[in-house]
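Enquirer: Sequential numbering from 49 applies to the sequence shown in the working numbering.
The beta-carbon is built from N, C-alpha and C at its ideal position, and this holds for glycine as well.
Pasting a structure here, questions to come.
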Amino acid sequence: MHRDHPTDEFGTPRVTVLSSGRRRALRIGLGGPVGSGKTATVAALCRALRAELSLAVVTNDIYTTEDAEFLLRHAVLPPERITAVETGCCPHTAIRDDISANLEAVEDLEAAVGPLDLVLLESGGDNLTATFSRGLVDAQIFVIDVAGGDKIPRKGGPGVSGSDLLVINKTDLAPLVGADLAVMARDAKAQRGELPTLFCSLVDPDGVAPIAGWVRERLARWRAH
Ligand SMILES: Nc1nc2c(ncn2[C@@H]2O[C@H](COP(=O)(O)OP(=O)(O)OP(=O)(O)O)[C@@H](O)[C@H]2O)c(=O)[nH]1
Ligand SMILES: [Mg+2]
């Protein structure tokens, strides 16, 4: 069953204020290649922000609920704030084409544990072209890592070039794989223009701090508009 989700001409949901009169939660999507660190970023963001914000998470996995189970096992949020959407075949379909299961998951979370300030939606790992529908998320973070070498930003693709924030994760591995972070920064700039890029290592206990800062800024803008 699909609920009606009207969007404006840019695909942004028109309903941003709930029937209670409160502004709905900001929805941030996290996409990126398999294993780049999306779940690690979600976990670290929850730990960094959960004392100051009311948070919930939706994960998208193909055949399992592994990412949600990881987040539950590590107790980054109370279990009732974490929902897994099993996408069946293609995670990018669920976040880009038929977004209804994700929208329902977000609305059910808002009804069950709201009011919420922020919902993080993780896409199942995919290639460089999987991006979120603007009808599903208000902003998207694309997570890549340095482990495949320093060529990924140069290859471009909608996630690298058009995401609201590009995260280049696992900088701790750069010396081991011979990745040149300066080259990655230059190529990211060439692809993204003024859009921001942040380097991080999530094995550093404070490694998520710059990403958490960016999320706080987006939330302040969301509340102000
Ligand atoms: N060395 C290092 N390992 C990391 C870092 N961030 C994540 N990892 C590890 O990378 C592996 C994959 O991380 P995940 O967070 O599961 O990646 P993902 O993008 O969610 O993966 P999928 O959802 O399967 O696509 C895990 O073993 C993490 O512990 C980092 O900054 N440095
Ligand atoms: Mg994951």
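#1: Between the stretch 118 to 125 and the stretch 232 to 241, do at least 3 Cβ pairs fall closer than 8 Å?
#2: Based on DSSP bridge pairs, tell me the residues matched to D109.
#3: Does ligand 1 have a heavy atom nearer than 7 Å to the CB of S84?
#4: Which runs of the beta strand (DSSP E), 3 residues or longer, sit entirely within the stretch 117 to 190?
#5: DSSP state of T245, grouped into three classes?
#6: Considering only heavy atoms of ligand 2, does any lie closer than 7 Å to the CB of T113?
#7: At a cut-off of 7 Å, would you count K199 as near ligand 1, judging by its Cβ distance to the nearest heavy atom?
#8: On the DSSP letters alone, give me the boundaries of the beta strand (DSSP E) that V256 sits inside.
#9: Residues bridged to D193 by DSSP?
#10: How would you call A227, buried or exposed, if buried means at least 16 neighbouring beta carbons within 10 angstroms?
#11: Check L250 in the structure and name its three-state DSSP category.
#12: What's the gap between the Cα of W262 and the Cα of G136?
#13: Are L169 and G77 close, meaning C-beta to C-beta below 8 Å?
#14: May I ask you to check if the CB of D146 is nearer than 7 Å to at least one heavy atom of ligand 1?
#15: Could you tell me the boundaries of the beta strand (DSSP E) in which L101 lies?
#16: What separation, rounded to the nearest whole angstrom, lies between the Cα atoms of V167 and V194?
#17: How many angstroms separate the CA atom of A116 from the CA atom of V82?
#18: On the three-state DSSP scale, how would you describe G77?
Expert: Looking at the atomic coordinates:
#1: no
#2: E134
#3: yes
#4: 130 to 134, 166 to 170
#5: Per DSSP, reduced to three states, the secondary structure at T245 is strand.
#6: no
#7: no
#8: Looking at the DSSP string, V256 is not in any beta strand (DSSP E), and its letter there is neither H nor E.
#9: N217
#10: It counts as buried.
#11: Coil, per DSSP.
#12: 32 Å
#13: yes
#14: no
#15: Here L101 belongs to no beta strand (DSSP E), and DSSP marks it neither H nor E.
#16: Distance between the alpha carbons of V167 and V194: 27 Å.
#17: Here the C-alpha atom of A116 lies approximately 15 Å from the C-alpha atom of V82.
#18: Correct three-state label for G77: strand.
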